[in-house]
Amino acid sequence: MTLAQRYRDEGADELVFYDITASPQGRSVERSWVRRVARVLDIPFCVAGGIRSVADAESVLNAGAEKVSVNSPALADPGLIDALSRRFGAQCVVVGIDSELTAEGYRAYQFTGDPARTRQSGRDVLQWVREVQERGAGEIVLNCMGSDGVRHGYDIEQLRAVRAVCRVPLVASGGAGAIEHFTAAFREAGVDAALAASVFHNGIIAIAELKGALLAAGIEVRP
Amino acid sequence: MTGTVIIDSGGANLASLQFAFERLGAEARVSAEAEEIAAAERIVLPGVGSASEAMRRLRAAGLARLLPALSQPVLGICLGMQLLFEHSAEGETECLGILPGTVRRLEPSVARPVPHMGWNRLTTLESDPLLAGLDPQSYFYFVHSYAAPLGEFTLAPVEYGERLSAVVRRGNFCGVQFHPERSAAAGARVLANFLSL
Chain L
1 MTLAQRYRDE
11 GADELVFYDI
21 TASPQGRSVE
31 RSWVRRVARV
41 LDIPFCVAGG
51 IRSVADAESV
61 LNAGAEKVSV
71 NSPALADPGL
81 IDALSRRFGA
91 QCVVVGIDSE
101 LTAEGYRAYQ
111 FTGDPARTRQ
121 SGRDVLQWVR
131 EVQERGAGEI
141 VLNCMGSDGV
151 RHGYDIEQLR
161 AVRAVCRVPL
171 VASGGAGAIE
181 HFTAAFREAG
191 VDAALAASVF
201 HNGIIAIAEL
211 KGALLAAGIE
221 VRP
Chain F
224 MTGTVIIDSG
234 GANLASLQFA
244 FERLGAEARV
254 SAEAEEIAAA
264 ERIVLPGVGS
274 ASEAMRRLRA
284 AGLARLLPAL
294 SQPVLGICLG
304 MQLLFEHSAE
314 GETECLGILP
324 GTVRRLEPSV
334 ARPVPHMGWN
344 RLTTLESDPL
354 LAGLDPQSYF
364 YFVHSYAAPL
374 GEFTLAPVEY
384 GERLSAVVRR
394 GNFCGVQFHP
404 ERSAAAGARV
414 LANFLSL
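Protein chains in written order, with my numbering: chain L, 1 to 223; chain F, 224 to 420.
Structure follows, in structure tokens:
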């Protein structure tokens, strides 16, 4: 809660709440908590974590979230994307993809919130990106697992490959460690937004400073 | 006449709008009852979902005929603004016909994905109490795949490949394509202005 307010005050454009252990633990994100956040927050926020049905999504949206993000449950049941998009509209439906380069190419992973349960889904990421758009996803968050948590920069090559087949907003995730990493994601991979966690949580990058640098680089952001 | 009523047109996510009014110290009730809506001081027509589904629900509740006849301030938000027009290409839906024109689908391109999702500035602002006190450089949060063209009732356009209606007003009927409840201080200002119309 304190973090949510802090980021709003610092100029974040959107907050994403991941309850990453929800899917591997077979539960879904806490509703009363979503409601408490929605009450104080006046910027968009997206909630992810174990949303497996239209009813799950409805209760999260009714609690005040803007969008729901589905990842592992969509890999298990791709029809969930169609159902959510029909009921709430594509603009509410974000598909998160945890992707890693394998010998066969980029593959999507499930249950990444628990290393012991993480498994490769067998799905080719570029195919999956095409499929989720056809099914009605309104936004894709691509989390490049190889670069996630190490702060060496977003995986530009992978983001470019996905951008080439993605006609809905694409959000870069995984690897942000310095301001120039954000600039590169917008400039070189053409993403619509960049997501980061640890560099903001740990105070390594201040949002105001980041936005100033992006504006100076000619990238339009809300100051 | 009592308070502000948010019309329950079947979409989810009415809580975020209620919370936004709450932050302004105003209470807003959610209702689909024609009598309660007709008696309200101010009415908000939100809308998440599709035009055809929203219009079906408004007709079923007897609101499609009631709304155009209202004389108190009405604010359509996002899809709710689109419903104020005559027609929407989304499901080829006949809408409320309060404003002339047809809502069209945005055409995606590499530089302009659809849905249009994100923060944008309004290109110009007409002088109107609904937009009073706004910094012309303010950003607002947009999420939509359909949009209304510019017309004589446009108060402010937004640029997304072409110029589209971001704020409209005809008499007591106002509409905003962006989400004021998720547009930080600038959005709160628009809602506060609506509350003092």
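For glycine and all other residues, C-beta sits at the position ideal for the given N, C-alpha and C. From a predicted model like this one, the values you see are computed outputs, not experimental measurements.
Mind pulling the chain L residues with CB within less than 9 Å of G341 of chain F? Counting from one through the second sequence, the residue named residue 341 of chain F turns up at place 118. Within chain L, the residues D13, E14, P169, D192, A193, R222 have their CB atoms less than 9 Å from the CB of G341 of chain F, given in chain order.
Does Y383 of chain F come within less than 8 Å of chain L when only Cβ atoms are used? In the second sequence, residue 383 of chain F corresponds to position 160, counting from 1. No, its Cβ sits nowhere closer than 8 Å to a Cβ of chain L.
Residues within the stretch 65-83 of chain L neighbouring chain F, beta-carbon criterion of under 7 Å: So the close ones are E66.
Is F242 of chain F close to chain L, meaning its C-beta is less than 8 Å from at least one C-beta of that chain? In the second sequence, the residue the question calls residue 242 of chain F occupies position 19. Chain L, which has a Cβ nearer than 8 Å to the Cβ of F242 of chain F, makes this yes.
Looking only at its chain, what residues have a beta carbon closer than 6 Å to the beta carbon of G384 of chain F, apart from the 5 residues adjacent to it on each side? Taking the first residue of the second sequence as 1, we reach residue 384 of chain F at position 161. Within the same chain, Cβ atoms closer than 6 Å to the Cβ of G384 of chain F are found at R335, the five residues on either side in sequence being excluded.
Roughly how many angstroms separate the alpha carbons of F200 of chain L and I207 of chain L, rounded to a whole number? Along the first sequence, read from residue 1 onward, the residue named residue 200 of chain L stands at position 200. Along the first sequence, read from residue 1 onward, the residue named residue 207 of chain L stands at position 207. Approximately 7 Å, taken between the alpha carbons.
Q91 of chain L: contacting residues in chain F (beta-carbon distance under 8 Å): Taking the first sequence and counting its residues from 1, one reaches residue 91 of chain L at position 91. Neighbours of Q91 of chain L on chain F, chain order: V271, P338, M340, V366, H367, S368.
Taking a contact to mean a Cβ-Cβ separation below 8 Å, would you say A249 of chain F touches T227 of chain F in this structure? Your numbering for residue 249 of chain F matches position 26 in the second sequence. Your numbering for residue 227 of chain F matches position 4 in the second sequence. Yes, they are a contact pair.
Please tell me whether D56 of chain L has its Cβ less than 8 Å away from any Cβ of chain F. Counting from one through the first sequence, the residue named residue 56 of chain L turns up at place 56. Judged by the 8 Å Cβ criterion, D56 of chain L is not in contact with chain F.
Within 8 Å of chain F by C-beta, residues of the stretch 133-158 of chain L in sequence order: Under the 8 Å Cβ criterion, the stretch 133-158 of chain L contributes G138, E139.
Could you say which of F:P269, F:E245, F:N236 lies nearest to I229 of chain F if we only look at CA atoms? Working through the second sequence from its first residue, we reach residue 229 of chain F at position 6. Residue nearest to I229 of chain F within the set F:P269, F:E245, F:N236 is F:P269 (criterion: CA-CA distance).
So is H402 of chain F buried or exposed if we call it buried at 16+ other beta carbons inside 10 Å? Counted from its first residue, the second sequence places residue 402 of chain F at position 179. It is buried - the Cβ of H402 of chain F has at least 16 other Cβ atoms within 10 Å.
Look up H339 of chain F in the DSSP assignment and give the residues it is bridged to. Against the second sequence, residue 339 of chain F aligns to sequence position 116. According to DSSP, H339 of chain F bridges with F:H367.
From the DSSP output, which residues share a beta bridge with Y383 of chain F? Stepping through the second sequence from its first residue, residue 383 of chain F is reached at position 160. Beta bridge pairing from DSSP links Y383 of chain F with F:E385.
Taking 8 Å as the CB-CB cut-off, is I196 of chain L touching chain F? As a position in the first sequence, residue 196 of chain L is number 196, starting the count at 1. Note that residue 196 of chain L corresponds to Ala in the displayed sequence, not to Ile. With 8 Å as the cut-off, A196 of chain L does not count as an interface residue toward chain F.
Straight-line Cα distance separating S332 of chain F from T183 of chain L: As a working note, residue 183 of chain L is residue 183 in the first sequence. As a working note, residue 332 of chain F is residue 109 in the second sequence. Roughly 22 Å separates the two Cα atoms.
Near-chain L residues of the stretch 400-414 of chain F (beta-carbon distance less than 8 Å), N- to C-terminal order: From the stretch 400-414 of chain F, only H402, E404, R405, S406, A407, A408, G410, A411 have a Cβ closer than 8 Å to chain L.
Contact residues within the stretch 305-336 of chain F, judged by C-beta distance below 9 Å to chain L: The stretch 305-336 of chain F vs chain L, Cβ under 9 Å: P331, S332, V333, A334, P336.
What are the start and end residues of the beta strand (DSSP E) that includes A193 of chain L? In the first sequence, residue 193 of chain L corresponds to position 193, counting from 1. Residues 193-195.
Tell me whether the beta-carbon of L191 of chain L lies closer than 8 Å to the beta-carbon of V171 of chain L. The sequence position of residue 191 of chain L within the first sequence is 191, counting from 1. The sequence position of residue 171 of chain L within the first sequence is 171, counting from 1. It is Val, not Leu, that sits at residue 191 of chain L in the sequence shown. If you check the CB distance, V191 of chain L and V171 of chain L come in under 8 Å.
Can you grab the Cα-Cα spacing for the pair G153 of chain L / S99 of chain L, in whole Å? Taking the first residue of the first sequence as 1, we reach residue 153 of chain L at position 153. Taking the first residue of the first sequence as 1, we reach residue 99 of chain L at position 99. Distance between the alpha carbons of G153 of chain L and S99 of chain L is about 15 Å.
Give the residues of chain L in contact with N416 of chain F, contact being defined as C-beta atoms less than 9 Å apart. As a working note, residue 416 of chain F is residue 193 in the second sequence. What N416 of chain F touches in chain L: nothing, since even the nearest Cβ is about 16 Å away.
Own chain residues within Cβ distance below 6 Å of G174 of chain L, not counting five before or after: In the first sequence, the residue the question calls residue 174 of chain L occupies position 174. Cβ within range, chain order: N143, C144, S147, D148.
R405 of chain F, enclosing alpha helix (DSSP H) - first and last residue: Numbered from its first residue, the second sequence carries residue 405 of chain F at position 182. In this chain, R405 of chain F is not harboured by any alpha helix (DSSP H), its DSSP state being neither H nor E.
Run through chain F and tell me which residues come within less than 7 Å of L126 of chain L, C-beta to C-beta. Here the question's residue 126 of chain L lines up with position 126 in the first sequence. Here the premise fails: no neighbours, minimum Cβ distance about 16 Å.
8 Å Cβ cutoff met for E404 of chain F and L240 of chain F: As a working note, residue 404 of chain F is residue 181 in the second sequence. As a working note, residue 240 of chain F is residue 17 in the second sequence. In this structure, L240 of chain F lies closer than 8 Å to E404 of chain F by Cβ.
With a threshold of 8 Å between beta-carbons, can I207 of chain L be considered close to chain F, or not? Numbered from 1 along the first sequence, position 207 holds the residue referred to as residue 207 of chain L. For I207 of chain L, no CB of chain F lies under 8 Å from its own CB, so it is not counted at the interface with that chain.
Pop quiz: E18 of chain L and A65 of chain L are said to be a contact at Cβ under 8 Å. What is the actual Cβ separation, rounded to whole angstroms? Numbered from 1 along the first sequence, position 18 holds the residue referred to as residue 18 of chain L. Numbered from 1 along the first sequence, position 65 holds the residue referred to as residue 65 of chain L. Per the sequence presented here, residue 18 of chain L reads as Tyr, with Glu not at that position. With a Cβ gap of about 12 Å, Y18 of chain L and A65 of chain L do not count as contacting.
Comparing the C-beta of L61 of chain L with each C-beta of chain F, is any distance below 8 Å? Here residue 61 of chain L refers to the residue found at position 61 of the first sequence. Yes - at least one Cβ of chain F is within 8 Å of the one on L61 of chain L.
Less than 8 Å separating the beta-carbons of F417 of chain F and L322 of chain F? Translated into the one-based positions of the second sequence, residue 417 of chain F becomes position 194. Translated into the one-based positions of the second sequence, residue 322 of chain F becomes position 99. No, the Cβ-Cβ distance between F417 of chain F and L322 of chain F is not below 8 Å.
Is the stretch 292-300 of chain F touching the stretch 112-130 of chain L, taking contact as three or more C-beta pairs under 8 Å? No, the stretch 292-300 of chain F is not in contact with the stretch 112-130 of chain L.
How about T347 of chain F and P380 of chain F: do their beta carbons lie closer than 8 Å? Numbered from 1 along the second sequence, position 124 holds the residue referred to as residue 347 of chain F. Numbered from 1 along the second sequence, position 157 holds the residue referred to as residue 380 of chain F. Yes, the pair counts as a contact, with Cβ atoms nearer than the cut-off.
CA nearest to the CA of D42 of chain L, picked from F:G320, F:A238, F:P359, F:M304: If you number the first sequence from 1, residue 42 of chain L lands on position 42. For the residues F:G320, F:A238, F:P359, F:M304, the minimum Cα distance to D42 of chain L belongs to F:A238.
If I measure Cβ to Cβ from V253 of chain F and keep anything under 6 Å in the same chain, skipping five residues before and after, which residues do I get? Counted from its first residue, the second sequence places residue 253 of chain F at position 30. Answer for V253 of chain F: I229, D231, L237, listed in chain order.
Residues bridged to H152 of chain L [DSSP beta-bridge criterion]: Residue mapping note: residue 152 of chain L aligns to position 152 of the first sequence, counting from 1. Answer is none; H152 of chain L lacks a bridge partner.
Specify the secondary structure class of A411 of chain F as computed by DSSP and reduced to three states. Here residue 411 of chain F is taken as the residue at index 188 of the second sequence, counted from 1. Per DSSP, reduced to three states, the secondary structure at A411 of chain F is helical.
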